[in-house]
Every structure is written in structure tokens, then in C-alpha cells.
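>
There are 2 protein chains.
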Amino acid sequence: MEISELGEFGLIERLAKEITTKNASTLKGVGDDCAVLAPTEGMRQVVTTDLLMEGVHFDLTYVPLRHLGYKAVMVNLSDVFAMNAQPRQITVSLALSSKFCVEDIDELYAGMRMACEKWGVDIVGGDTTASLTGLAISITAIGEARPEDIVLRSEAKPTDLICVSGNLGAAYMGLQLLEREKIIYNEQVEKARKSGSKEQMELLRDAQPDFSGREYLLERQLKPEARGDITDALREAGIHPTSMIDISDGLSSELMHICHQSRTGCRIYEERLPLDYETAAMAEELNLNVSTCALNGGEDYELLFTVPLTQNDAVSSVKDVHVIGYVTEADKGLALITRDGGEHQLKAQGWNHLKP
Amino acid sequence: MEISELGEFGLIERLAKEITTKNASTLKGVGDDCAVLAPTEGMRQVVTTDLLMEGVHFDLTYVPLRHLGYKAVMVNLSDVFAMNAQPRQITVSLALSSKFCVEDIDELYAGMRMACEKWGVDIVGGDTTASLTGLAISITAIGEARPEDIVLRSEAKPTDLICVSGNLGAAYMGLQLLEREKIIYNEQVEKARKSGSKEQMELLRDAQPDFSGREYLLERQLKPEARGDITDALREAGIHPTSMIDISDGLSSELMHICHQSRTGCRIYEERLPLDYETAAMAEELNLNVSTCALNGGEDYELLFTVPLTQNDAVSSVKDVHVIGYVTEADKGLALITRDGGEHQLKAQGWNHLKP
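Order-wise, the sequence lines are chains U and F. Everything in the first sequence is counted per my numbering, starting at 1 for the first residue and increasing by one. Everything in the second sequence is counted per my numbering, starting at 1001 for the first residue and increasing by one.
1. Looking only at its chain, what residues have a beta carbon closer than 6 Å to the beta carbon of ILE1230 of chain F, apart from the 5 residues adjacent to it on each side?
2. Please return the same chain residues whose Cβ sits closer than 6 Å to the Cβ of LEU65 of chain U, not counting the five positions on each side in sequence.
3. Here's the rule I'm using: 16 or more other beta-carbon atoms within 10 Å means buried, otherwise exposed. How should GLN359 of chain U be labelled?
4. Along the chain, where does the beta strand (DSSP E) that runs through MET1053 of chain F open and close?
5. Which one or two residues does DSSP pair with ILE1090 of chain F in a beta bridge?
6. Let's test the definition: count the other Cβ atoms within 10 Å of the Cβ of PRO1147 of chain F and tell me whether it reaches 16, buried, or not, exposed.
7. Does the CB of GLN45 of chain U have a neighbour CB from chain F at under 8 Å?
8. Rounded to whole angstroms, what is the Cα-Cα separation between ASP232 of chain U and ARG1263 of chain F?
9. Against SER1093 of chain F, what residues of chain U qualify as contacts under a CB-to-CB distance less than 8 Å, listed in chain order?
10. For ALA1072 of chain F versus ALA95 of chain U, is the C-beta distance shorter than 8 Å?
11. What residues in the segment 1157-1169 of chain F bring their beta carbon closer than 7 Å to a beta carbon of chain U?
12. Is there a Cβ of chain F sitting closer than 8 Å to that of ASP79 of chain U, yes or no?
13. Are the beta-carbon atoms belonging to LEU132 of chain U and VAL1056 of chain F less than 8 Å from one another?
14. To which residues of the same chain is LEU1204 of chain F closer than 8 Å at the C-beta, ignoring the five residues directly before and after it?
15. Within 8 Å of any Cβ in chain U, is that where the Cβ of GLU1041 of chain F sits?
16. Per DSSP, what kind of secondary structure is SER1317 of chain F in: helix, strand or coil?
17. Which of the three DSSP states, helix, strand or coil, is assigned to THR129 of chain U?
18. Can you give the Cα-Cα distance for ARG1214 of chain F and THR129 of chain U, rounded to whole angstroms?
19. Determine, using beta carbons only, whether LEU1168 of chain F and LEU1251 of chain F come nearer to each other than 8 Å.
20. Which of the three DSSP states is assigned to TYR185 of chain U in this structure?
21. May I ask you to report which of helix, strand or coil DSSP gives SER25 of chain U?
22. Measure from the alpha carbon of ALA280 of chain U to the alpha carbon of each residue in U:LEU309, U:VAL307, U:ALA171, then state which is nearest.
23. VAL124 of chain U versus chain F: which residues are under 8 Å apart at the beta carbon?
24. Give me the Cα-Cα distance between ASP1127 of chain F and GLU254 of chain U, rounded to the nearest whole angstrom.
25. Determine the DSSP secondary structure at ALA233 of chain U, reduced to helix, strand or coil.
26. Would you tell me roughly how many angstroms separate the C-alpha atoms of LEU1309 of chain F and VAL1315 of chain F, rounded to the nearest one?
27. So, is ILE1381 of chain F buried or exposed, given that buried needs 16 or more other C-beta atoms within 10 angstroms?
28. Determine the DSSP secondary structure at LEU152 of chain U, reduced to helix, strand or coil.
29. Taking Cβ positions, are ILE1142 of chain F and VAL1047 of chain F nearer each other than 8 Å?
30. Tell me the DSSP secondary structure of GLY1166 of chain F in three-state form.
31. How do the segment 24-33 of chain U and the segment 110-118 of chain U stand: do at least 3 beta-carbon pairs fall below 8 Å, yes or no?
32. Note down, in chain order, every chain F residue with its Cβ under 8 Å from the Cβ of ASP313 of chain U.
33. When we look at the beta-carbon of SER197 of chain U and count the other beta-carbons within 10 Å, is it buried (16 or more) or exposed?
34. Following the continuous alpha helix (DSSP H) through SER1253 of chain F, name the residue where it begins and the one where it ends.
35. Between TYR1269 of chain F and the rest of its own chain, which residues show a CB-CB distance below 7 Å, the 5 nearest in sequence each way excluded?
36. If we count the other Cβ atoms within 10 Å of its Cβ and call it buried at 16 or more, is GLY1298 of chain F buried or exposed?
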């Protein structure tokens, strides 16, 4: 169905029907000039926002809309967890070009609802409008935390242990894989077109690339998970991080934020960078340095945090958390100790959309 | 200066330097994964968001960036005032194509800061990213109100008076004026190019259209003001509206929202539609029906609200507020009484970007 058949209000009504709110703090969701919230007394509130643009942040030739919706929500929840807060509400704004039909938007919203349901988050408002070009998705997330639970980037102290959750570089490898298949596919289409073979073209239309053995990389790229399970586990283990950030632009870049804002240095060990087997195998195949991918790949959506040295035993026993180094005085700089014992200064080559 | 010279983090740092926060409820603004707020105890919070896309919501050939920034903030504050709340914080996300330089972004932010300063609002976060095409601006505004002060769209009751602030249709006329001048200018450029006259081209480059006598229309289009002064005045006069909405898509459309959500009808009078002299003169010149412009023009950012009939005297004495009709039972429908006494059903021809 064409979106123009429904119009803006029709589309909003259709989407709103599927949206129910569950949080006690959500008094009124979609349907007025503003949503109305009743923040929990004594709690702090955290707010974050992300704007995703087609062609810059996602490529619809290989990203299913349902996955895109899921990811768009998760990247915002990841920021909320990085404050050690619980996400409660989001608003969603979409700008749609005429190439999208109503069913596309249903898919996108289905993915967003799935991500919200996973963490008990309410969709409380938004804006739906036209775009002359591609799709734009803007999400704002609101979360809550007790004042004493909030973790900033700026409170890391020398001797603190540096920890990361999960593993690094897999999402970046997933992107390389998808980009490679896209190029191969386009070349085949071009070839078939030149040869004029209708049969060949039809075969290509239904062709599905073989990603077997690489499913994990694709999942990390297409369907990332915000690590609220890690902040839960730390709380249960009685661990309060001194600083925390989520890894969206690559470990190096995020570590530089923590050190810069905490006025410290750091020392991390290449051999301790957590890697998945598939990441390593794919890096080998693509002739890439796997450590560089882990340090600068981006889109990991893992948590990078620091804990006091005294919590070494406690943090080491938390599942899926890895100690990769420690915080130093600022004058020691940001050091990466390579496998051969060499010392290098960390550089942020992280994702930076505005750099040429 | 090219934005790429600064990069994303450099640009954020440059913008953040100019931003100071003033609200007691803003504990931490730009600079971490999330902003941290301390909502005032016992208060409700309202949240609204808007996404503005170049080519759909604004045309940079005639909209100065400083005005655009101001307007982008004001349209969100307008939604906060329409809940009878006070705006406190906003987040700002920008997607920028390579045609913009750092000074452009400075201008855009200068306009946003000016709008924020006017209403004591803090910029607490955002996202800055690249765009393959035009400019996208996504703003989320957060406000506060006492629970008993909040006004929804859904509580209008039969016999309530229907009121609007300011006057209607002026912003729409301003847009017509700008669009007309753009066409004339483009035609002149085309003509000069065909004639090959360099002199003519240079004259055109510095040409400024003569808008004298039309300044008010331009101001309403380019620099709208959210009507927090009206909600203040109503509070001072002891008037609590039963329903309220801001007029962004045109009076007809907004009135339909109130009647639909309140399950009522309405009866408004054409002769009571508040019009500015310039609006009427411009409509005459363009051969447009001025009432149609007032009903469906859009972008007025005035407030439409209802008050109990018993407050007729009180509301009539509030400056810049006009009673245009009253609320009826739902079965009476939505009626416009024309100057000649005829009765017409109201139709929403309001701005609907997703309609063909």
C-alpha cells in the first residue's frame, strides 16, 4: 500500500494501534502534542539521541528493515546502559521518501517494537514526515537510575582496571562481508546485463549469498544487542564501575574519551583484546590485522568500563567481561602493548562520518 | 572552514564550548553517553520531537540558517506550551551534507541558542553526523508542569468556548511571497544566462527582492514565536483551558484533532477568524481566499484551546486571544459558519507531507 493512501495521520494511527505502554512512569504516549511522563521520585533521568541516515549509517540493499528498526533502538539503549541506567521511553521520528510503502514501515516498526519489548521500553511519541531522498531515523531514549548508580566517563582513576564486555571487531567484519557480497552481486548483474541473458538475470534476482559459517558476524552487524545484561550482572556482583562508555566508534576512540575526560592515561594489552573465532578467520581471509579491527572497527555496542583494582577478583568472575589493561597517570599517555612486548601510542581511527 | 577539517569530535567540541546550562534540573549536558537530569519532584514531564528535512520543511535558497535554527527550536517549544508546560531541555541532532561549512553550523546553532535563551531552555545533548543529501534537523524537547496544569487535546466539553491566539495565515502568506520571489529570481537568472550578459548576472547576484510592507509575513514564516506568553497570561488570569493544541498544520486540522479526541463537534465563525492586515492584502494580491489560508495555511504556531463558557469574560480580556466559536455535541459535526450565514463542514486540507 502506498503511504500517500494513508497520509500522515492515517499512518500514525496505524502505527499507534500496535503500540502499548507498560512503564508506570509513562502516563500518556502517542496522541497529543507531547508525551506525558511521571519521573520516579528520587531518580535521575538520562537522555540520549541518535540520527541515522540512509547511505551513511545503513545500506538498504542488504539491511532488512526489521533489523534496521531493531538496531536503531538498540544503539540508543546502549547509551542508556552506558550510564548504568534503565531505559524507559523512546520517541521515534522517521523521514520517508516515496520509495517506501506502508508494509515497509510496518517492518521497521516491528523491529523497533521487538527491541523495546526486550528491555521493557515504551514508544511514547515521534514524528513522521516526508523526505526527498532516503530514509532518516531519529530516536531519543530516556532512562532512569538512582543518583548513586549513574556512571560517567570522567571518573576513572589510575590503577583502575579497564574492562570490556563481549568481543570486538565482529560487527565491522560483518559489514566487510556484506559490502564484499554487494560488490560481487553488482558485478554479476552487470555481466548478465551485458550478455543480455534474461535467464541469468532471473537467477540473480533470487540469488542468496552463502554466508554459512559467518552467521555470527552478520548478526553482530545487523542485529546488535545493547548490553543491559552486563550492567545487571555487575550490579548483582556488587561492582560499581568508576567510568563507562559504550563502544560505538571503536575501542581506541572510546578509551580516548574516558582518558581525556578522566584526565588519565591507560595501558592496554593486545593479547587481551577479546576476539571471536569468526572475526579472526574473516580478518585472515580479508588480509586485515584483526587487532586493528578490534581497536577501530566500530559498531560493537559493547561496554567499556573501569573498576577499582580491589575488584579484580569480583570482575574477573563476571561472565563475558574481560580485563584488558589498567588506567595510568595522564603523563604516561595512552599505550597499547603489542604481543611482542612493543609499546605503541593508541590512535583513534574510529568511525568519523565527518572526516573525508 | 570545511567541517572535515574539524571532524565530528572537533565540531562537537566547538559547539559545546558555546553551550552553558542554566536549569536546576540539568545536572549534566553535552559530553557523556547521555545527559543527566534531575526532574523536579512532584512535577510531570512532557516530551516532544520533530524532524525537519531540507527540501520538505525548509528551502535554504531563502531561509537563513540562523532563522532556521531559531524556528527548529520554536516549533518544538510550541508543542511543550500546548501542554501548558514549561520547556526545560532540548537535544539537537544534525545530519550535514558536504556543502555546509563550519560557519554555517555556527549560524544554525546561534539561532538555536537564541530561541533557547528566550525561554530558559538548555541544550543538553545531540548527535552530529553526515548526510549524503541535504540537511536534517531533529530536535527533542523536554518540559515540566504541575500535574494539575497539564492540558490534553481530549478534554473539550460541549458549550466550551474555542479560542485562538494571535492571527492566522500570515506564515503561509510569507511562504507564498518567498516562493514567488524565488520563481521570479530564477526566471531572471535564466534570461540573463540566455542573453549572455555578464553585467546582468552580476546585478542579479547582489539583487535583494523588495519585501517592504510585507515584513510581518516574512517574520511569521521565517522566525515564528512559540506562544508561552499566552499560557503565562492565561495562568495569570486564572484560566485553565479544557483542551489545547498548537496550530502547526492549520486551524481546521488542529480543530479536528481536538474534536476527534474529545468526541465533540464544533461551530466556528468565519468572521471571527483573526487576520492581520498584511495577510488580507497579500491574499487579495495573490487572488487567494483569505479564510481558506487562515483555516489551512499551516505553520502559524499559535495556540488553539477551549475554556468553559463561564470564563467568557476572563478569556475575552486576555490580550491577543480571540474567541472564534464553541464546542458542540459530536453529532452536530464540525461546522464553519461563513460570513453570509451559510454552514459548511470543516475539512482538513492542512499540511500533510505524505499526501501526494
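Just so it is clear, CB atoms sit at the ideal spot from N, CA and C, and this is done for glycine as well.
This is what the structure gives:
1. On the second sequence, position 230 is the one that residue 1230 of chain F refers to. Same-chain partners within the cutoff: SER1165, LEU1303.
2. Working through the first sequence from its first residue, we reach residue 65 of chain U at position 65. Excluding sequence neighbours, LEU65 of chain U sits near ASP104, GLU107, LEU108.
3. This structure leaves residue 359 of chain U out entirely; chain U is present only between 1 and 356.
4. Position 53 of the second sequence holds residue 1053 of chain F. Where MET1053 of chain F is concerned, the enclosing beta strand (DSSP E) starts and stops at 1044-1053.
5. Position 90 of the second sequence, counted from the start, is the residue given in the question as residue 1090 of chain F. DSSP output for ILE1090 of chain F lists F:ILE1123, F:ALA1141 as bridge partner(s).
6. Stepping through the second sequence from its first residue, residue 1147 of chain F is reached at position 147. Exposed.
7. Here residue 45 of chain U refers to the residue found at position 45 when the first sequence is read from its first residue. Against chain F, the CB of GLN45 of chain U has a partner CB under 8 Å away; the residue lies at that interface.
8. For the purposes of this step, residue 232 of chain U is taken as the residue at position 232 of the first sequence. For the purposes of this step, residue 1263 of chain F is taken as the residue at position 263 of the second sequence. Distance between the alpha carbons of ASP232 of chain U and ARG1263 of chain F is about 45 Å.
9. Position 93 of the second sequence, counted from the start, is the residue given in the question as residue 1093 of chain F. Residues of chain U with a Cβ closer than 8 Å to the Cβ of SER1093 of chain F are, in chain order, THR49, ASP50, LEU51, SER138.
10. For the purposes of this step, residue 1072 of chain F is taken as residue 72 along the second sequence, with counting starting at 1. For the purposes of this step, residue 95 of chain U is taken as residue 95 along the first sequence, with counting starting at 1. In this structure, ALA95 of chain U does not lie closer than 8 Å to ALA1072 of chain F by Cβ.
11. Legend: CB atoms of the segment 1157-1169 of chain F lying less than 7 Å from CB atoms of chain U are not found in any residue.
12. Along the first sequence, one-based indexing puts residue 79 of chain U at 79. Interface annotation, ASP79 of chain U: in contact with chain F, CB-CB separation under 8 Å.
13. Locating residue 132 of chain U in the first sequence gives position 132, where the first residue counts as 1. Locating residue 1056 of chain F in the second sequence gives position 56, where the first residue counts as 1. A contact, by the Cβ cut-off of 8 Å.
14. What you label residue 1204 of chain F is simply residue 204 of the second sequence in a count that begins at 1. Excluding the 5 residues flanking it on each side, LEU1204 of chain F has same chain C-beta neighbours closer than 8 Å at TYR1185, GLN1188, VAL1189, ALA1192, in chain order.
15. Here residue 1041 of chain F corresponds to residue number 41 of the second sequence, with the count starting at 1. It does; some Cβ of chain U falls within 8 Å.
16. The residue given as residue 1317 of chain F occupies position 317 in the second sequence. Coil, per DSSP.
17. Numbered from 1 along the first sequence, position 129 holds the residue referred to as residue 129 of chain U. Residue state, collapsed to three classes: strand.
18. Here residue 1214 of chain F refers to the residue found at position 214 when the second sequence is read from its first residue. Here residue 129 of chain U refers to the residue found at position 129 when the first sequence is read from its first residue. Looking at the two C-alpha atoms, the distance is approximately 30 Å.
19. Position 168 of the second sequence, counted from the first residue, corresponds to residue 1168 of chain F. Position 251 of the second sequence, counted from the first residue, corresponds to residue 1251 of chain F. Contact flag set, yes.
20. One-based indexing of the first sequence puts residue 185 of chain U at position 185. Correct three-state label for TYR185 of chain U: helix.
21. By 1-based counting over the first sequence, the position of residue 25 of chain U is 25. Reduced to three states, the DSSP call for SER25 of chain U is coil.
22. Residue numbering aside, residue 280 of chain U sits at position 280 when the first sequence is read from its first letter. Closest option to ALA280 of chain U, Cα to Cα, is U:ALA171.
23. The residue given as residue 124 of chain U occupies position 124 in the first sequence. Ordered by position in chain F, the residues that pass the 8 Å Cβ test against VAL124 of chain U are VAL1047.
24. The residue you call residue 1127 of chain F lines up with position 127 of the second sequence. The residue you call residue 254 of chain U lines up with position 254 of the first sequence. Cα to Cα, the separation comes out at about 16 Å.
25. Counted from its first residue, the first sequence places residue 233 of chain U at position 233. Here ALA233 of chain U sits in helix by DSSP.
26. Within the second sequence, residue 1309 of chain F is the residue found at index 309, counting from 1. Within the second sequence, residue 1315 of chain F is the residue found at index 315, counting from 1. Their Cα atoms are separated by approximately 10 Å.
27. This structure cannot settle anything about residue 1381 of chain F, because the visible part of chain F is limited to 1001 through 1356.
28. Here residue 152 of chain U refers to the residue found at position 152 when the first sequence is read from its first residue. LEU152 of chain U: coil per DSSP, three-state reduction.
29. Position 142 of the second sequence, counted from the start, is the residue given in the question as residue 1142 of chain F. Position 47 of the second sequence, counted from the start, is the residue given in the question as residue 1047 of chain F. For ILE1142 of chain F and VAL1047 of chain F, yes; Cβs fall inside 8 Å.
30. Position 166 of the second sequence, counting from 1, holds the residue named residue 1166 of chain F. In this structure, GLY1166 of chain F counts as coil in the three-state DSSP scheme.
31. Between the segment 24-33 of chain U and the segment 110-118 of chain U, the count of Cβ pairs shorter than 8 Å is below three; the stretches do not touch.
32. As a working note, residue 313 of chain U is residue 313 in the first sequence. Against chain F, a Cβ distance below 8 Å from ASP313 of chain U picks out nothing, because the smallest value is about 28 Å.
33. Walking along the first sequence from the start, residue 197 of chain U turns up at place 197. It is exposed - the Cβ of SER197 of chain U has fewer than 16 other Cβ atoms within 10 Å.
34. Locating residue 1253 of chain F in the second sequence gives position 253, counting from the first residue. Here the alpha helix (DSSP H) through SER1253 of chain F covers 1251-1262.
35. Sequence index remark: in the second sequence, residue 1269 of chain F carries index 269 (1-based). Here the set comprises ILE1324, GLY1325, ILE1337.
36. For the purposes of this step, residue 1298 of chain F is taken as residue 298 along the second sequence, with counting starting at 1. GLY1298 of chain F comes out buried.
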